Structures are given as structure tokens and as C-alpha cells.
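Visitor: This is the structure I have questions about; it appears just below.
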Amino acid sequence: YRWNLLLSPIVTLNLKDLFRIGGVGFFLVLLLPLRLGEFARPYLLKKEQGSSFSSAMATIAIERAVDGLFVTLMFFAITGMLVGQYDFPQTLITAASLSFALFFGVFVFLIVALFFNDTLMRSIRLTLGRIDKELAEKIVRLAEKFVKGLDALPNMRIFCIYVGWTALYWFLNGYSLYLLMEAFGLELPLLAGMFLVCVLVIGIMIPAGPGFLGTFQGAIILGLGIFGVEQTAGAAYVMVYY
């Protein structure tokens with residue numbers, strides 16, 4: 140439903156098609172390495188609905204950038220509230236900082252591509268064009284198609300509604316983790332569930348096998364360990380959640 144807000148100016152989908160295409164897309168994100176499954180939803184929209192692949196791909200880029208920014212900002216907000224109560228590993232703080240830099244960079248690129256398209260294309264030609272002019276022109280053509288996709292995105296009002304649904308989406312993820320903590324008898328605050336979501340998102344950014352196998356489990360066990368949960372209990376918890 141949240142993704143459908145971004146799709147609204149591009150294509151109109153009934154609920155059956157929306158959930159089917161979304162389900163296939165997210166399944167392939169889990170199945171394929173390096174998040175190659177992100178191309179599935181735009182491909183299916185183009186094949187079945189005749190919509191622009193670049194426009195659909197732009198919605199995925201916005202989706203990932205907003206999610207990444209929201210989760211990393213939530214991470215720093217929660218650690219700020221819990222500082223002094225728990226010890227947060229410096230490696231985790233560094234990973235979160237790098238994650239924020241990455242998603243913030245993507246978000247800035249999207250803004251620049253949308254509002255300063257000519258300047259961006261000229262910069263590509265002036266920099267990469269000095270090394271390989273043909274490659275620079277290929278990148279410019281791809282970028283121009285992508286920018287046309289950005290032009291089809293919703294207006295600011297719909298985007299703000301989308302951000303609101305994003306907040307609800309991640310809160311529900313964190314709340315589900317908290318409910319499972321209660322089921323396991325772990326007496327931890329609600330913020331622990333929210334924090335665990337952040338650690339999980341940062342952890343599965345590391346390339347791994349299908350289903351984020353390994354990084355998923357490692358991130359959850361690490362996050363629970365910060366709250367004093369021993370590894371065996373953390374392993375049992377993550378297997379149920381996974």
C-alpha cells in the first residue's frame with residue numbers, strides 16, 4: 140500500500156495485482172544476492188501494465204533512500220535516548236554512520252537529479268568524459284531516463300503521506316520484535332524493539348547469501364547482546380523471528 144502511493148501518478152493497480160507484484164518483488168529481494176530482486180517490481184510493471192521501467196525504478200530508489208534515512212536517523216535518536224544505560228559498540232556506530240552517509244548521498248543525488256538535471260549531466264561529461272567519452276554518454280543517457288522517471292513521482296503532499304506511512308511501517312516492525320521479546324520473557328523496553336530493527340537493517344546491508352542468511356541472525360544476536368541477552372537465547376529468538 141505504501142509503495143502504491145509512489146506509483147499513483149504512473150500506474151493504477153488493483154489490490155490483487157499490487158500485492159502479487161509486490162510479493163514477487165520482495166520474494167526475489169530475499170532470494171537473489173546484492174538486492175538484484177529490486178529490479179523485479181519495475182520489470183513486472185513494465186511487462187504487465189506497460190508502464191515506464193525508469194519511472195517504476197525511480198519509485199524503488201525513493202523507497203530505499205527514504206527507508207535508509209529514516210532507519211539510520213531512528214538509530215541515532217534511540218542510541219541518544221539510551222546512552223549511559225547501555226554500551227553501544229563503536230563498530231556499530233561507525234556502520235550506522237556509513238549507512239547514513241550512503242542513504243543521504245543517494246537522497247541528495249535524487250534531489251540534484253530532479254531539480255538540477257542539466258548541471259548533473261554537464262558534470263558527468265566534464266569529469267568522466269575526460270577519461271572515457273563514450274562511457275560518459277552512456278551514463279548520461281541512462282541518467283536522463285532515470286530523471287524522466289523521477290518527474291513522474293507524486294507531489295509533495297502525497298510524498299509527506301508516504302513518509303508518515305514509512306514511520307508507521309517501521310514502528311510496526313519494531314513493535315513486532317518487542318512482542319516477541321515479551322513472548323520469550325525478555326524484560327526489555329519498547330525502544331529495544333525499535334533499536335533491533337535499526338541494527339537488522341544495517342546488518343543486512345552486508346552482502347550475504349539468499350534470505351540474508353547469516354547477516355540477519357548476526358545482527359539480531361548482536362543487537363540483543365547490547366541489552367544483556369546471552370547468545371543462546373538470542374539465537375533461539377532470531378530463529379523464531381526469522
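Residue 140 is where the sequence shown starts when you use my numbering, and the numbers rise one by one after that. Where a beta carbon is used, it is the ideal one built from N, C-alpha and C, also for glycine. The model shown is predicted, which means the values in this text are computed figures rather than measured ones.
1) When we look at the beta-carbon of phenylalanine 214 and count the other beta-carbons within 10 Å, is it buried (16 or more) or exposed?
2) Give the C-beta separation of isoleucine 360 and glycine 350 to the nearest angstrom, bearing in mind that I take them to be a contact with Cβ-Cβ under 8 Å.
3) Name the residue from Arg141, Thr198, Gly162 and Trp142 whose alpha carbon lies nearest to the alpha carbon of glycine 288.
4) Measure the C-alpha to C-alpha separation of methionine 295 and isoleucine 343 and round it to an integer number of angstroms.
5) Identify the residues that DSSP records as bridge partners of valine 336: which are they?
6) For asparagine 153, report the span of its alpha helix (DSSP H) as first-last.
7) Rounded to the nearest angstrom, what separates glycine 364 and aspartate 226 at their Cα positions?
8) Which term fits serine 194, buried or exposed, when burial requires 16 or more other beta carbons within 10 angstroms of its beta carbon?
9) If you draw a straight line from the C-alpha of isoleucine 300 to the C-alpha of isoleucine 270, how long is it?
10) With a CB to CB cut of under 7 Å and the five nearest residues on each side skipped, what residues in its chain are close to threonine 218?
11) Does DSSP classify valine 414 as helix, strand or coil?
12) Helix, strand or coil, according to DSSP, for tyrosine 381 in the structure here?
13) Helix or strand or just coil, what does DSSP make of tyrosine 225?
14) Closer than 8 Å by C-beta to leucine 183: which residues in its own chain qualify, once you throw out the five before and the five after it? Chain order, please.
15) Roughly how many angstroms separate the alpha carbons of lysine 155 and leucine 146, rounded to a whole number?
Guide: According to the structure shown:
1) buried
2) 16 Å between Cβ atoms; not a contact.
3) Thr198
4) 30 Å
5) DSSP output for valine 336 lists no bridge partner at all.
6) Per DSSP, asparagine 153 belongs to no alpha helix (DSSP H) and is neither H nor E.
7) 10 Å
8) buried
9) 43 Å
10) Phe227
11) Since the first residue shown for the chain is 140 and the last is 381, residue 414 is missing from the structure and cannot be characterised.
12) coil
13) strand
14) Ile160, Val163 and Gly164
15) 15 Å
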